[in-house]
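Below: one structure, written as structure tokens.
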Amino acid sequence: DTEVTQTPKHLVMGMTNKKSLKCEQHMGHRAMYWYKQKAKKPPELMFVYSYEKLSINESVPSRFSPECPNSSLLNLHLHALQPEDSALYLCASSHPGLAGGSSYNEQFFGPGTRLTVL
Amino acid sequence: SQQGEEDPQALSIQEGENATMNCSYKTSINNLQWYRQNSGRGLVHLILIRSNEREKHSGRLRVTLDTSKKSSSLLITASRAADTASYFCATDRGTGGFKTIFGAGTRLFVKA
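Chains as they are written, first to last, in this note's numbering: chain A, 342 to 459; chain B, 272 to 383.
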């Protein structure tokens, strides 16, 4: 199974709502990523988990809260978002590479969740 | 600052022609990768070239890497309408873990 799944595919939420995005992979990858992508722009890295521990947080606002409950699952909890947070949210996974991150492997991406904040 | 800059931003060619996209980056890297993204969908990995490699082939794809110029190119030969997509280069920093930075991307349109 070389698939990364993401749910939901589309999400519309108000600025006072709390919602969660989910990502799942069964490839045995121990690195998982969240990206944000605005229209006609490249993906921007938000968070990286390595062996279920948060290893990179790219100064993302606290209204985004990641969680990695086990090696197959990655969540992104959303609270009090702003309209400018509307975007495609992509999850990816990969082998974590060598210790210290001195190597790097291809990332497998999910189809994304299209988020609209009203 | 953005790690990968790509040119051209957009490219329109006829089916059967070759398409060349370029990527430049600023800091040292371990590897450079190319990804394809069909409209509004997830990215698909195309090819990875390590910093000690100069050229790599995969099917109709040819990637070159020049670390002295901090640049890479992706050549798609004998393009097909199905190659229509956005193409991104992605680099990871030389140190500090696998922080991925994507270039701005090239939007390729192949006319049948």
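Quick reminder that beta carbons are idealized off the backbone N, C-alpha and C, glycines included.
- Burial is judged here by how many other beta carbons sit within 10 angstroms of a residue's own beta carbon; glutamine 308/B has at least 16 and is buried.
- With distances taken between CA atoms, glutamate 447/A lies nearest to His370/A out of Leu429/A, His370/A, Ser427/A.
- Here aspartate 426/A is buried. Its C-beta has 16 or more other C-beta atoms within 10 Å.
- Contact between the region 345-362 of chain A and the region 322-337 of chain B is not established, with fewer than three Cβ pairs separated by less than 8 Å.
- What phenylalanine 405/A touches in chain B, judged by beta-carbon distance under 8 Å, is nothing: the nearest beta carbon there is about 17 Å away.
- The secondary-structure analysis by DSSP pairs leucine 459/A with nothing; it has no beta-bridge partner.
- Contact between valine 315/B and arginine 351/B is ruled out by a C-beta separation of about 15 Å, above the 8 Å threshold.
- Within the same chain, Cβ atoms closer than 7 Å to the Cβ of proline 279/B are found at Thr377, the five residues on either side in sequence being excluded.
- Taking a Cβ-Cβ threshold of 9 Å, the residues of chain B close to phenylalanine 450/A are Tyr306, Gln308, Arg312, Gly313, Leu314, Val315, His316, in chain order.
- Excluding the 5 residues flanking it on each side, asparagine 416/A has same chain C-beta neighbours closer than 6 Å at Ser361, Lys363, Glu408, in chain order.
- Relative to the Cα of arginine 404/A, the nearest Cα in the group Glu365/A, Met387/A, Glu393/A belongs to Met387/A.
- Residue pairing from DSSP places cysteine 364/A in a beta bridge opposite Gln347/A, Leu415/A.
- Proximity of chain B to glutamate 447/A at the Cβ level (cut-off 8 Å) is accounted for by Gln304, His316, Leu319, in chain order.
- Among the CB atoms of chain A, none fall inside 8 Å of the CB of phenylalanine 380/B.
- Ranking Met356/A, Phe450/A, Val389/A, Ser391/A by CA distance to the CA of cysteine 432/A puts Phe450/A first.
- When secondary structure is reduced to three states using DSSP, proline 279/B falls in the coil class, being assigned neither helix nor strand.
- Taking a Cβ-Cβ threshold of 8 Å, none of the residues of chain A is close to glycine 330/B; the smallest such distance is about 16 Å.
- In summary, glutamate 288/B is exposed, with fewer than 16 beta-carbon neighbours lying within 10 Å of its beta-carbon over all protein chains present.
- Neighbours of glycine 374/B in chain A, taken as residues whose beta carbon is under 9 Å from its own, are Pro383 in chain order.
- Residue contact with chain A for threonine 371/B: present (Cβ-Cβ distance below 8 Å to some residue of chain A).
- Using a CB distance cut-off of 8 Å, glycine 453/A counts as an interface residue toward chain B.
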